[in-house]
Each structure stands twice: as C-alpha cells, then as structure tokens.
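Asks:
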Amino acid sequence: MKIVRSDCQLGESPIYDTKNNSIYWLDLNLAFLHKYDLRKKNHSKFKINVNTPLGSIFKTNKGRFILSSDSGIHLLNPSSKKIYFLTDLREDKLSLTYNDGIADGRNLYIGLSHRKEKKPIGFFYFFDGKSINISASNFPVANGPSIFKNLIAYSNSALKRIEIYSKKNNQFKKNIKIRTGYPDGTCFDTKGGLWIAHWGGGQISRYSKDFKRDFSIKLPAKNITSLCFAGLKRDYLFITSAKVDTSKKDLLKYPNSGDSFIVKTEFKGISIKDFNEKYIKKLRLLHHQH
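For the sequence shown, the working numbering assigns the number 6 to the initial residue and increments by one for each residue that follows.
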C-alpha cells in the first residue's frame, strides 16, 4: 500500500483520468482540488474559489470538471484553474447541500443531503441529457452512487445501508445492511463486486455480485470516505479519507486520517464514461423550468 500525504480535512470524490494517468479528488471543507500523477508519483493541489462544503466532481469529455458546491454547479478547468457558474438545482438552499454523485456519458446523478445530516430530505437528481427527475429519495446523507450494468448502488449512510436500484426504471431492488461504521463512497469492479468505504470503520470492503461480504482491508485512517479504481489497467484502488471527527486518541490508532491510499488488487474497475459537455446547455435550461 502506498500512502499519499494529502492531509485532507474531508477528502472525497476521487476520479481517475485515463488521459493523463492521474487521480483527482476534493477536500470538501477546505475547497482544494487534489491531483496525484501515477506516472510521476507527484501530488499537487489548488484552491477553488467557491463556497464550502464542496459536493463532488464529474469529469467531462473535454478534460474539464463539473463541480458541485454550496455555490451551485460550476464548470472547472483544471489547467487554467478558471471556474464558470452553470446552475443551482436546489430549491431549498438553506436545508440542502450537494454531496456525492456520478457521471455516465450524458447521465448525471447529483446527490443532495440535509445540511445537518439528520432529516431524510436528501435525494438524488438524475439528469439524462433531456430532463431532470428524482431517482432516489429519503436520505439524510446522499452518498456513494456507483453503476454496474443495469444496477445503481446508493449509500444511505445515516441508516447504515446500501440501497440497490434498477438503473432503467429506478425500481428499488435490495438493501445491504452495513455493520462496521457507515457506508460512504462505493465503486464496482468488472465482476460485479461492490467496494465500500466505511466512515468510522477504518476499512474498505468488497461485496460479491450477490451482495454478500467477501473481505475487508484495514487502513490507517478512521473515516474512509470514498474510492475509485485507477491505473492503466484499472487494477489499483485509490482511497480517500477525512481528518474531521477524529479525536486525539483516534489519531494515535489511525495516524494517516486525512491521507489517501493506493492499494493493488486482483480486480479491475469498470470504465466510467465522461460527461458529455454538449448536454450542459440543456442542464442550464432545464433548471429554469424546474
């Protein structure tokens, strides 16, 4: 295991960019975009000028990012560091903050959480290039969407469960109860295995395609937030963590809380399609009708 000393307050939303063999992720509380170049083994970051907390990032087909934050949804150019406001989908900005999400071609799943993470008023917006609908609801904290074929997995963190839905018709299929910590970010491998980051659990776990727990990997950080497959063969896991909500006693046991981890696996991650920027105009127009 390699440790990337990212020292994040709240590391989240890792995504792998095949074009430059790099991983990008966010510090939601400090508004940094982090980058780790796998070839050069180089870590860098820069500050994004938006209100915190940040939510997530989605890579576009033009090498830019869709970024959600408490300022709304923006288009971010990681090379020039310029940021452009696109829209804000929230009708209730006082109660809702952006959280986890995922892009898949023309599709965007955008999570919204209760600001105090207590009331089940959070939900996921689903944009399919034509319209915006709610794909899943009743989340105090809307976390961890990941896609495998016709399935989408959401993390209902506060209720300690993963909710599996059909992607085609948003029909609920199954709950997976999580006993160690709280489920946060997730990702699938090519065999249909679901990998889960355990907030408060100091580990990640793999669940087999029938959603039975396969194994866990312990990590030197208490609050594991998210993970994604990376590398030219997509056989490494890149894992983010948080330093928030860790006591001095916790830090003695979990000294790398806030750092990121690279773990070699026997599995390969599925490739995720970049969001196509030609649908940005429609996304902006829809909000005004929404």
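From the three backbone atoms N, C-alpha and C, an ideal C-beta is built for every residue, glycine too.
(1) Could you name the residues of the same chain whose beta carbon sits closer than 8 Å to that of phenylalanine 124, not counting the 5 residues immediately before and after it, in chain order?
(2) Is threonine 245 near tryptophan 204, with beta carbons less than 8 Å apart?
(3) How would you label tyrosine 284, buried or exposed, when you count the other beta carbons within 10 angstroms and need 16 or more for buried?
(4) For a test of the three-state rule: what should DSSP assign to leucine 232, helix, strand or coil?
(5) Note down, in chain order, each residue of its chain lying with its Cβ closer than 6 Å to the Cβ of leucine 33, except the 5 sequence neighbours on either side.
(6) Pick out the complete alpha helix (DSSP H) segments inside the region 24-55, 4 residues or longer, and give them in chain order.
(7) Quick one: using the 10 Å Cβ neighbour count with 16 as the cut-off for buried, is proline 19 buried or exposed?
(8) Count the other CB atoms, across all protein chains shown, that sit within 10 Å of the CB of threonine 191; report buried if there are 16 or more and exposed otherwise.
(9) Using a Cβ-Cβ cutoff of less than 7 Å, which residues in the same chain neighbour tyrosine 89 once the five nearest sequence positions on both sides are dropped?
(10) Serine 76: which of Thr92, Asn82, Lys67 sits nearest, CA to CA?
(11) Take the Cβ of aspartate 279 as the centre, count every other Cβ of all protein chains shown within 10 Å, and call the residue buried at 16 or more, exposed below.
(12) Any idea what DSSP makes of alanine 226, helix, strand or coil?
(13) With a 10 Å radius around its C-beta and 16 neighbouring C-beta atoms as the bar for buried, classify aspartate 250 as buried or exposed.
(14) Under the assumption that phenylalanine 234 contacts aspartate 194 (Cβ atoms under 8 Å), give the Cβ distance between them as a whole number of angstroms.
(15) For the alpha helix (DSSP H) containing leucine 81, list its first residue and its last residue.
(16) Using a threshold of 8 Å, state whether the C-beta atoms of serine 61 and serine 73 are closer than that.
(17) Between which two residues does the alpha helix (DSSP H) containing aspartate 255 stretch?
(18) On the criterion of 16 or more Cβ atoms from any shown chain inside 10 Å, does phenylalanine 153 qualify as buried, or is it exposed?
(19) Between which two residues does the beta strand (DSSP E) harbouring tyrosine 284 extend?
(20) Quick one: using the 10 Å Cβ neighbour count with 16 as the cut-off for buried, is glutamate 96 buried or exposed?
(21) Which ranges does the beta strand (DSSP E) cover as unbroken runs of at least 3 residues, wholly within the region 54-132, from first to last along the chain?
(22) Assuming cysteine 13 contacts lysine 227 under a Cβ cut-off of 8 Å, what Cβ separation, rounded to an integer in Å, is found between them?
(23) Using the beta-carbon count (16 or more within 10 Å), is proline 260 buried or exposed?
(24) Distance, Cα to Cα, phenylalanine 128 vs aspartate 219?
(25) State buried or exposed for asparagine 112, treating a residue as buried only when at least 16 other CB atoms are found within 10 Å of its CB.
Replies: The structure says:
(1) It is lysine, not phenylalanine, that sits at residue 124 in the sequence shown. Excluding sequence neighbours, lysine 124 sits near Ser100, Pro145.
(2) no
(3) Answer is buried; the Cβ neighbour count reaches 16.
(4) In the structure shown, leucine 232 sits in a strand (DSSP, three-state: E or B).
(5) Leu15, Glu17, Pro58, Leu59
(6) none
(7) Burial of proline 19 is indicated by the presence of at least 16 other C-beta atoms within 10 angstroms of its C-beta.
(8) buried
(9) His79, Leu80
(10) Thr92
(11) buried
(12) coil
(13) exposed
(14) 7 Å
(15) No alpha helix (DSSP H) holds leucine 81; the beta strand (DSSP E) holding it covers 77-81.
(16) yes
(17) 253-258
(18) buried
(19) No residue range can be given for tyrosine 284, since it is assigned to no beta strand (DSSP E) and is classified by DSSP as neither H nor E.
(20) exposed
(21) 59-64, 70-74, 77-81, 88-92, 101-109, 112-119, 127-132
(22) Actually they do not touch by this definition, with Cβ atoms about 13 Å apart.
(23) exposed
(24) 29 Å
(25) buried
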